[in-house]
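Heads up: the sequence shown runs through residues 455 to 606, numbered per the numbering used here.
Beta carbons: idealized from backbone N, C-alpha and C, even for Gly.
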Amino acid sequence: MSTFAGAEAGGEIGAVGGPIGIAAGIVVGAVVGTALGYGAAKLGQAIHNANEKADEQLKTSDASEPCVECNEDPCAHLRKGTGQGKYHGGAHGETKGPKGDGLDSHHMPAAQANEAGGGPARDDGPAIQMEPEDHKDTMSNGSGEDAKLYRA
């Protein structure tokens, strides 16, 4: 319910009560509208406070560093996905091997985009394993003009 809705409620009271009802309607509308606005302001403040707290925690602990509280890297298990399947995802440095597995490691997003955007280093960036033929068909693969435009 918006502040405008509070005015509507007050207006309905005023419409049935004559001059006194109109005055009462104005007061009710103002009270309801103010209460709703106060609730929105409190919610906005709570969101602001949560964001401030998150920002402070990020300043004291860089996400690339090990977890401060658990004394280990909480993302280590994501560096190379595990499982029964042939293909895995994870950090490019982990998905590009082992040599001779017949698979390519495809950066997602393109390594050039990661580097240009201040993202992780080439081997730390996210990637998936795929068949070399499929890799050649991706828009970002290769040194041709289309691939360069895609990565730009």
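Pick from the options that is closest to residue i, judged by C-alpha positions
| i | options | result |
| --- | --- | --- |
| residue 408 | 583, 605 and 602 | Any answer about residue 408 is impossible in this case: the structure gives the chain only from 455 up to 606. |
| residue 563 | 579, 557 and 572 | 579 |
| residue 548 | 501, 571 and 581 | 581 |
Cβ shell of residue i (< 8 Å), same chain only, five flanking positions each side left out
| i | result |
| --- | --- |
| residue 601 | 593, 594 and 595 |
| residue 554 | none |
Presumed contact (8 Å Cβ cut-off) between residue i and residue j, rounded CB distance
| i | j | result |
| --- | --- | --- |
| residue 560 | residue 542 | Not really, about 12 Å apart at Cβ, beyond 8 Å. |
| residue 533 | residue 544 | 5 Å |
| residue 585 | residue 557 | 7 Å |
Sequence-distant residues of its chain with Cβ nearer than 6 Å to residue i (five each side left out)
| i | result |
| --- | --- |
| residue 576 | 565 |
| residue 597 | none |
Neighbourhood of residue i by C-beta distance below 7 Å, restricted to the same chain and skipping five residues each side
| i | result |
| --- | --- |
| residue 574 | 568 |
| residue 535 | 542, 543 and 544 |
| residue 605 | 564, 566, 567 and 594 |
Host alpha helix (DSSP H) of residue i (start-end)
| i | result |
| --- | --- |
| residue 600 | 599 to 605 |
| residue 587 | 586 to 590 |
Identify every run of the beta strand (DSSP E) within the segment 529 to 579, keeping only runs that are complete inside it and at least 3 residues long; order them along the chain.
-> 543 to 545 and 558 to 561
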